[in-house]
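Encoded as structure tokens, the structure appears first; notes follow it.
Protein chains: 2
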Amino acid sequence: MKKPKIVILGAGYGGIMTIVNLQKKLGASDAEIVLVNKNDYHYETTWLHEVSAGTIHQDRSRVPVKNLINTNKVTFIKDTVVDIKLDEKRVLLENSELTYDYLVVALGYEAETFGIKGLKEYAFTITSINAARQIREHIDYVFATYNNEVEKRDELLTIIVGGAGFTGIEFVGELANRVPQLCKEFDIPREKVRVICVEAAPTALPGFDPELVEYAVTQLERKGIEFKIGTAIKECTEEGIIVSKDDQVEEIKSATVVWAAGVRGSHVIEKAGFENMRGRVKVSNSLLAPGHEDVFVIGDCSLMINPETERPYPPTAQIAMQQGGTCAENISRLMKGQKELSEFKPDIKGTVCSLGHDDAIGVVYGRKLFGSSASFMKKVVDNRSLFLQGGAGLVLKKGKFNFF
Amino acid sequence: MKKPKIVILGAGYGGIMTIVNLQKKLGASDAEIVLVNKNDYHYETTWLHEVSAGTIHQDRSRVPVKNLINTNKVTFIKDTVVDIKLDEKRVLLENSELTYDYLVVALGYEAETFGIKGLKEYAFTITSINAARQIREHIDYVFATYNNEVEKRDELLTIIVGGAGFTGIEFVGELANRVPQLCKEFDIPREKVRVICVEAAPTALPGFDPELVEYAVTQLERKGIEFKIGTAIKECTEEGIIVSKDDQVEEIKSATVVWAAGVRGSHVIEKAGFENMRGRVKVSNSLLAPGHEDVFVIGDCSLMINPETERPYPPTAQIAMQQGGTCAENISRLMKGQKELSEFKPDIKGTVCSLGHDDAIGVVYGRKLFGSSASFMKKVVDNRSLFLQGGAGLVLKKGKFNFF
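Residue numbers (the numbering used here), protein chains in the order written: chain A, 1062 to 1465; chain B, 1062 to 1465.
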């Protein structure tokens, strides 16, 4: 009898947690499990703002895939997914192709620029290890350039962050700590450096508790971050950005624009012909793609509505990881011929937004936290995520213990 | 009685050694000594190829000026020299001006591009801490960019070094060691990286012993450096360089072109109206500028003919430092009203050219050296230079002890 073939696309939070759970449920003879990922490493997406700012090294935030999987049970293919032929149960990769009996699409997110002119061409996005590392090196380079010019261009020292949502705030939090180091490294007076966070919504961190938002903004302003709230980016150019607020248009010159205000699912979702919204598939409670009995979509490529708020759950690592568990359970049930599948219900323990390594705000089990207690919880969250993926060994190797 | 005012322009090897020697000869009441320098630090120019390649940090190769001078005897002004009004015995600085009784011009070198099209616009030069640091960060940035592009551009990983003279060879020697680190840091296959050293002369290191040159080239080629000897750079563009050899024209695409093949004296020499050749003043044996009794020119802005070869002495740190001694002696003699001045005669102990931190070639006291003995001598030379400038303390702080 031929073993069923389970193909998992993506080694992010969702994909890895599916594997980790499948490995526990299935023996080597039960199924053929194949994991496909673009890189030979998994990375902590929620740490990329730190890599981008240069406050942690990329190697801290990534793990070789082979360290996370049981290679006796799982075949790993380093390749890029090009398309999925759903009718033929086939996945096209850049260098080969694969058939599947069960498919898990966990291809993560991409930047969404909402059609704002020039963002794709001129703005950086915090979307991968490669992208994060490039942001870090770009900032280093423009700072290194500053003192070489006869006519000093202050825009080399202006960093614009588009978006004061979760990622934008966490990124400027790291920059606030990084800027003094950069000034020392490149002999630049601190007062020449500007970090400007631009947000179209009427508040930073929309959806967060207003008291915590006020704390975050005040703390970051104290560290030298400028906020332009209720201000929309109209265009990004080679020279900087054009913003508008109350019909007042302003140009801000900057050599570094980082767009941190929008994410969407993978373009492969669209290409494969799934019904989708911005690359996200509205999945069933059992995480199946509509109209399919063997294709699961999880993580940032999936869309589920929170019945309490009637709005989609946010694309978070927490949910992606939990979905990996449900997905593995359902594949195992399907393999046993069970009709009844497990229903996914997120167990949201809380949200913590860091403001640099030494400060944070958050709500954990319904309790508001800020300052060092929130910062402590942020590290607990980060370490827990490592523990779920790779056990205590991974926590010891890459965990965050700079509690104080 | 008014104290005579000695103004020294430049805190490089020549300027600092003039100060160090003047401080010994003169008491605080004998003269007013003013040192002007663009930066508040002195740097080891002969180590800049290491900073540029990223094999040592800039802070290793620089020292605050105040640590090298006796501030009871010397006034330091951080400013940029704009012009010298020789008739009025006045020096114009960016932010102020100075009069002098004795002037020492030790403004160092600038890059000479010999009118080759595009070099000024598109090539980097190893001419200062700022410039060196920018080269390092530029290379980091283009390497970080490589993996972000859908269509990989191999020219991002091609580094062209113009010139296989002393600086060019020392720089590619460092790059040979640095490239494997860069590949690891940015997930790049080593075989994708090219370092190409282009030299118009029929040999690398013209003037060096041919046996040593062969050793150097062979060793560097073994480490992956490519040489294009007898090949002239015709033009540098935004895309790379255009070279010609035996009337064959070739374009080499590269994101990083470093011009290391020509130096000249300071543009201030020309502006001030000194008789000069490429910013270098042909000084008398007592180091005075022609037609002046109170203006000394030393270091890379000076030109002296070696009577044995009838060619100019090369612009080296060794000679600049020795000139500082003679210059200080002659100022002190002039102050005492002595007519007879000391004549400068370089005492050339040897020349060592590094090929990375672990290899070198050289001639020391007429003896040919290569490999680890030469590499050892190179570090002795570097440490001796520190000792002369700042004593044993400076050697301990910044010296090179990675002998093996």
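Glycine residues also receive a C-beta, built at the ideal position from the N, C-alpha and C atoms.
Helix, strand or coil for residue i, going by three-state DSSP, please let me know.
{"i": "Y1161 of chain A", "result": "coil"}
{"i": "T1116 of chain A", "result": "coil"}
{"i": "F1472 of chain B", "result": "Residue numbering for chain B in the displayed model covers 1062 to 1465; residue 1472 of chain B lies beyond these limits and cannot be assessed."}
{"i": "V1211 of chain A", "result": "coil"}
{"i": "N1128 of chain A", "result": "helix"}
{"i": "I1392 of chain B", "result": "helix"}
{"i": "E1296 of chain B", "result": "strand"}
{"i": "E1404 of chain B", "result": "coil"}
{"i": "R1339 of chain A", "result": "coil"}
{"i": "E1171 of chain A", "result": "strand"}
{"i": "S1305 of chain B", "result": "strand"}
{"i": "E1282 of chain A", "result": "helix"}
{"i": "L1087 of chain B", "result": "coil"}
{"i": "G1432 of chain A", "result": "coil"}
{"i": "T1228 of chain B", "result": "helix"}
{"i": "L1416 of chain B", "result": "coil"}
{"i": "S1363 of chain B", "result": "strand"}
{"i": "A1073 of chain A", "result": "Per the sequence presented here, residue 1073 of chain A reads as Gly, with Ala not at that position. Here G1073 of chain A sits in coil by DSSP."}
{"i": "N1191 of chain A", "result": "helix"}
Among the candidates the options, whose CA atom is the shortest distance from the CA of residue i?
{"i": "L1168 of chain B", "options": "B:L1447, B:V1358 and B:I1422", "result": "B:V1358"}
{"i": "F1464 of chain B", "options": "B:G1115, B:L1455 and B:D1420", "result": "B:D1420"}
{"i": "N1337 of chain B", "options": "B:N1346, B:S1347 and B:P1351", "result": "B:P1351"}
{"i": "E1007 of chain A", "options": "A:L1273, A:I1190 and A:P1125", "result": "In this structure chain A extends from 1062 to 1465, so residue 1007 of chain A is not present and cannot be described."}
{"i": "K1064 of chain B", "options": "B:G1073, B:V1095 and B:Y1074", "result": "B:V1095"}
{"i": "A1193 of chain B", "options": "B:L1129, B:Q1119, B:E1231 and B:S1446", "result": "B:Q1119"}
{"i": "F1269 of chain A", "options": "A:S1446, A:G1115 and A:I1422", "result": "A:I1422"}
{"i": "E1354 of chain A", "options": "A:L1395, A:R1341, A:G1326 and A:D1140", "result": "A:L1395"}
{"i": "H1418 of chain B", "options": "B:K1406, B:A1435, B:T1412 and B:K1134", "result": "B:A1435"}
{"i": "S1347 of chain B", "options": "B:A1316, B:P1407, B:V1143 and B:E1312", "result": "B:P1407"}
{"i": "A1316 of chain A", "options": "A:D1307, A:G1411, A:I1220 and A:N1131", "result": "A:I1220"}
{"i": "N1100 of chain B", "options": "B:S1122, B:A1072 and B:I1117", "result": "B:A1072"}
{"i": "E1216 of chain B", "options": "B:F1204, B:G1224, B:G1427 and B:G1223", "result": "B:F1204"}
{"i": "I1330 of chain B", "options": "B:R1121, B:V1143, B:N1098 and B:A1092", "result": "B:V1143"}
{"i": "G1454 of chain B", "options": "B:E1287, B:N1128 and B:G1285", "result": "B:N1128"}
Here's a check: name, in chain order, each residue in its chain whose Cβ is nearer than 6 angstroms to the Cβ of residue i, leaving out the five neighbours to either side.
{"i": "A1261 of chain B", "result": "A1293"}
{"i": "A1184 of chain A", "result": "C1297, V1318 and W1320"}
{"i": "R1325 of chain B", "result": "E1171, E1173, R1339 and G1340"}
{"i": "L1109 of chain A", "result": "I1187 and A1193"}
{"i": "T1160 of chain B", "result": "K1150 and R1151"}
{"i": "S1393 of chain B", "result": "K1086"}
Quick one: list the residues of chain B neighbouring residue i, beta-carbon separation under 7 angstroms, in chain order.
{"i": "T1141 of chain A", "result": "The premise fails here: T1141 of chain A is roughly 10 angstroms from chain B at the closest Cβ pair, so nothing lies under 7 angstroms."}
Within its chain, find whatever has a CB closer than 7 angstroms to the CB of residue i; leave out the 5 residues flanking it on each side and keep chain order.
{"i": "L1281 of chain A", "result": "V1233, G1234, A1237 and L1416"}
{"i": "K1461 of chain A", "result": "K1440, D1443 and N1444"}
{"i": "V1254 of chain B", "result": "L1218, V1240 and C1244"}
{"i": "A1389 of chain A", "result": "T1079, N1082, L1083 and K1086"}
{"i": "V1304 of chain A", "result": "V1259, K1289, T1292, A1293, I1294, K1295, E1311 and I1313"}
{"i": "P1376 of chain B", "result": "Y1170, V1324 and D1361"}
{"i": "A1378 of chain A", "result": "Y1074, T1106, T1107 and S1446"}
Name, please, each residue of chain A whose Cβ falls closer than 8 angstroms to the Cβ of residue i.
{"i": "A1205 of chain B", "result": "N1191, R1194, Q1195, R1197, E1198 and H1199"}
Identify the contact partners of residue i in chain E, using a Cβ-Cβ distance below 8 angstroms as the criterion.
{"i": "Y1202 of chain A", "result": "Here chain E cannot be found, since the structure's protein chains are A and B."}
Run through chain B and tell me which residues come within less than 8 angstroms of residue i, C-beta to C-beta.
{"i": "F1247 of chain A", "result": "R1194"}
{"i": "N1367 of chain A", "result": "Per Cβ cutoff of 8 angstroms: no residues; N1367 of chain A is ~34 angstroms from chain B at best."}
{"i": "N1208 of chain A", "result": "N1191"}
Is it the case that the Cβ atoms of residue i and residue j are separated by a distance below 8 angstroms?
{"i": "T1106 of chain A", "j": "V1165 of chain A", "result": "no"}
{"i": "V1259 of chain B", "j": "A1265 of chain B", "result": "no"}
{"i": "I1249 of chain A", "j": "Y1207 of chain A", "result": "yes"}
{"i": "K1343 of chain B", "j": "L1364 of chain B", "result": "yes"}
{"i": "G1075 of chain A", "j": "G1360 of chain A", "result": "yes"}
{"i": "G1115 of chain A", "j": "I1187 of chain A", "result": "no"}
{"i": "I1145 of chain A", "j": "C1414 of chain A", "result": "no"}
{"i": "D1148 of chain B", "j": "I1067 of chain B", "result": "no"}
{"i": "F1077 of chain B", "j": "G1385 of chain B", "result": "The sequence shown places Ile at residue 1077 of chain B, rather than the Phe named in the question. For I1077 of chain B and G1385 of chain B, yes; Cβs fall inside 8 angstroms."}
Chain B partners of residue i, CB-CB under 9 angstroms?
{"i": "N1156 of chain A", "result": "Per Cβ cutoff of 9 angstroms: no residues; N1156 of chain A is ~15 angstroms from chain B at best."}
Starting from the C-beta of residue i, find all residues in its chain whose C-beta is less than 8 angstroms away, skip the five residues before and the five after it, and write them out in chain order.
{"i": "S1157 of chain A", "result": "I1138 and D1140"}
{"i": "P1263 of chain B", "result": "I1290 and G1291"}
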